[in-house]
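The sequence shown runs 106 to 650 under the working numbering.
From the three backbone atoms N, C-alpha and C, an ideal C-beta is built for every residue, glycine too.
Working notes, structure below.
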Amino acid sequence: MNTAELLVRCLEAEGVEYIFGLPGEENLHVLEALQNSSIRFITTRHEQGAAFMADVYGRLTGRAGVCLSTLGPGATNLMTGVADANLDRAPLVAITGQVGTDRMHIESHQYLDLVAMFAPVTKWNTQIVRPSNTAEIVRKAFKIAQTEKPGAVHIDLPENIAAMPVDGRPLTSDNIEKTFASFRSIEKAANAINDAANPLILVGNGAIRSNASEMLTKFATRLNIPVANTFMGKGVIPYPHPLALWAVGLQQRDYISCGFDQADLVIAIGYDLVEYSPKKWNPGGRIPVIHIGSTPAEVDSSYMPIAEVVGDISDSLQEILYRCDRDGKPDPQALGLRPEIRSDYAQYANDDGFPIKPQKLIYDLRQVMGADDIVISDVGAHKMWMARHYHCHRPNTCIISNGFAAMGIAIPGAIAAKLVHPDRKVVAVTGDGGFMMNCQELETALRVGTAFVTIIFNDGGYGLIEWKQENQFGHSSFIKFGNPDFVKFAESMGLKGYRVESVADLIPTLKEALEQDVPAVIDCPVDYRENLRFTQKAGDLSCPI
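So, in structure tokens, the structure goes:
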């Protein structure tokens, strides 16, 4: 066999189901090797879409998603999705074709040093220069990609190396054993929790990756400690739970900001600084912090833990729970915020304004989606509203990118979600700006049989930037654009297209769209005057005593 064939055998041994990508001259041998493989190659319309699909596949499964491109412009197109996976802590393996090693020493058509280029956006990357090293490289790539904190790796395969004969076999996957926190750190954390009058739990995506949702809910319930989650920690505690304070991460103050103001201890569980800077919720490092995670805490002047409990998160929480006794402790003041948070959410249930307020649109979406159904949010003003108003019963049912936060992720991500969970409803929530960045992948969705719904928050501009400009300068500039007729656009691709004409249309349209056996697009005019209204409200926010 040749190197490309050995590479594919190694990918099969890693349990790879799909490779997302585009064909090119320099990856022809890999594509030929896939002809007789159990791996399904998903031909995408752009390399960025391929990388986003691998990104969301990795985030939903915990197994590395794989994307493939050719050299040069194909590889540069791949980079945004690779960077997104790396900062969102999603396991991903990117494979690029490359010129032959016989012409890397001179100026050469489409040649770039891809190992150097991918270095800043990956955990590890390398080039295969000896065919006999292929199995070791693939095994190492998957091990690094899937080990906490997971992220992206890159393998560069020159075309002449891909064609070379090789003897070899895949290496057996290793089983990484759990690690457990030291008893000293557990005792220190338990004592701090026992002494705290108003502790608050802040939970991030690491708790979801560690499958710690059930234990975390038990921990919070037994100790009567309220829980706030980052955008990427949604669903780690069911949102109807009486201790759930929902999402933190908006740049403006919100009700949950009062919880941090009143807290005398923050218990950060599976929290990652890229999700929401501690300088936003703990300026100057005033609040003592306990770090509970699978890896040690990052260094930040506002995040200097008094105890670091590093190991399996569920085990750590259980061991701390054994040593905690908060019986007779007064209810934390932060619990007084919950009625106001719920009231703010519920006030939009019967709002009939049109264009539709983002809060109402998301409220109605929540009514239609089941507890296990999945929404993938793109990046823009709508992401802020999704983070604040779309609440989850289960982990990984609202996917938000808040590490790299790249526009264009929603539609490719929805394809991956539907491949992983074909029995669930899947909705891509996007602005008109983000929609136009990867809307071509709707053809991919139709071709591979992934029927999901895309809701477009249509405001004719880059709404999040307008929001920031208005806040900072009192006016906006360079943010408006025109749009195609989204209904005709969808229909031209063989999809179903809908336009919402009134608030009363929304739920029936959503229900009908979700019943289709082809992808559907819903054009929904949105009233983003709510952005500045929220900013004003946040500025006037006073905390209950």
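Have a look at residue i and residue j and give me their C-alpha separation to the nearest angstrom.
| i | j | result |
| --- | --- | --- |
| V605 | P630 | 7 Å |
| A642 | Y360 | According to the sequence displayed, residue 642 carries Lys and not Ala. So the two alpha carbons sit approximately 11 Å from each other. |
| I395 | E380 | 17 Å |
| E241 | A267 | 15 Å |
| A294 | L426 | 10 Å |
| L355 | Q367 | 18 Å |
| G508 | L136 | 32 Å |
| I147 | G256 | 21 Å |
| L611 | I249 | 44 Å |
| G364 | A451 | 20 Å |
| L192 | A510 | 9 Å |
| W386 | T335 | 12 Å |
| E617 | F557 | 12 Å |
| D218 | E131 | 15 Å |
| Q577 | R638 | 15 Å |
| S278 | V121 | 12 Å |
| Q621 | F591 | 17 Å |
| I306 | A373 | 6 Å |
DSSP on residue i, reduced to helix/strand/coil?
| i | result |
| --- | --- |
| Q251 | helix |
| T201 | strand |
| T185 | helix |
| Y450 | helix |
| H494 | helix |
| R145 | strand |
| R314 | helix |
| Q215 | coil |
| H259 | strand |
| Q621 | coil |
| Y603 | strand |
| G338 | helix |
| T322 | helix |
| Q464 | helix |
| P128 | coil |
| I651 | No answer is possible for residue 651: it lies beyond the span of the chain, which begins at 106 and ends at 650. |
| N280 | coil |
| L370 | strand |
| P500 | coil |
| L232 | According to the sequence as given, residue 232 is Gln; it is not Leu. Correct three-state label for Q232: strand. |
| N507 | coil |
| E403 | coil |
| G163 | helix |
| K642 | helix |
Spatial neighbours of residue i within its chain, please: CB distance less than 7 Å, with the 5 preceding and 5 following residues excluded, ordered by chain position.
| i | result |
| --- | --- |
| R651 | Because the chain here runs from 106 to 650, residue 651 falls outside it and cannot be looked at. |
| Q423 | M320 |
| R651 | Outside the displayed span of the chain (106 to 650) sits residue 651, for which this structure offers no information. |
| K462 | Y453, D456, D632 and E635 |
| S142 | V113 and E117 |
| D430 | N299 |
| G539 | D483, V484, G485, M512, G513 and A515 |
Classify residue i as buried or exposed, calling it buried when 16 or more other Cβ atoms lie within 10 Å of its own Cβ.
| i | result |
| --- | --- |
| Y654 | The structure shown does not extend to residue 654, since the chain is modelled only from 106 to 650, so the question has no answer here. |
| Q464 | buried |
| V308 | buried |
| E264 | buried |
| A221 | exposed |
| I233 | buried |
| Q251 | buried |
| K585 | exposed |
| G475 | exposed |
| Q203 | buried |
| A609 | exposed |
Report back the beta-carbon spacing between residue i and residue j to the nearest angstrom; my notes put them in contact at under 8 Å.
| i | j | result |
| --- | --- | --- |
| W351 | I446 | 6 Å |
| G273 | T239 | 6 Å |
| A492 | I516 | With 8 Å as the limit, A492 and I516 do not qualify as a contact, their Cβ atoms being about 19 Å apart. |
| Q153 | G485 | Going by Cβ atoms, the distance from Q153 to G485 rounds to 17 Å, so no, they are not a contact pair. |
| L524 | T502 | Their Cβ separation, rounded to whole angstroms, is 16 Å, which puts L524 and T502 out of contact at 8 Å. |
| I342 | A317 | Incorrect: roughly 11 Å between the Cβ atoms, too far for contact. |
Suppose the cutoff is 6 Å on Cβ atoms and the five residues either side in sequence are ignored; what does the same chain contact list for residue i look like?
| i | result |
| --- | --- |
| G416 | T284, F285 and A286 |
| L440 | P331 |
| D537 | I561, N563 and N588 |
| S482 | K488, M491, I505 and V534 |
| C172 | F125, G126, A155, A156, A159 and A199 |
| G340 | C497, R499, P500 and T502 |
| I479 | T502, A522, R529 and V531 |
Please work out which residues of its chain come closer than 8 Å, Cβ to Cβ, to residue i, disregarding the five sequence neighbours upstream and downstream, and give them in chain order.
| i | result |
| --- | --- |
| H487 | P463, V534, T535, G536, F562, G568 and V631 |
| A297 | L370, P393, I395, I411 and A412 |
| E596 | G602 |
| G179 | L127, G129, E152, T201 and G202 |
Taking 7 Å as the cut-off, is the CB of residue i close to at least one heavy atom of the ligand SAM?
| i | result |
| --- | --- |
| Y376 | The model depicted lacks the ligand SAM and carries no ligand whatsoever. |
Please confirm if residue i has its CB atom under 8 Å from at least one CB of chain B.
| i | result |
| --- | --- |
| E110 | The chain inventory of the structure shown lacks chain B, comprising one protein chain alone. |
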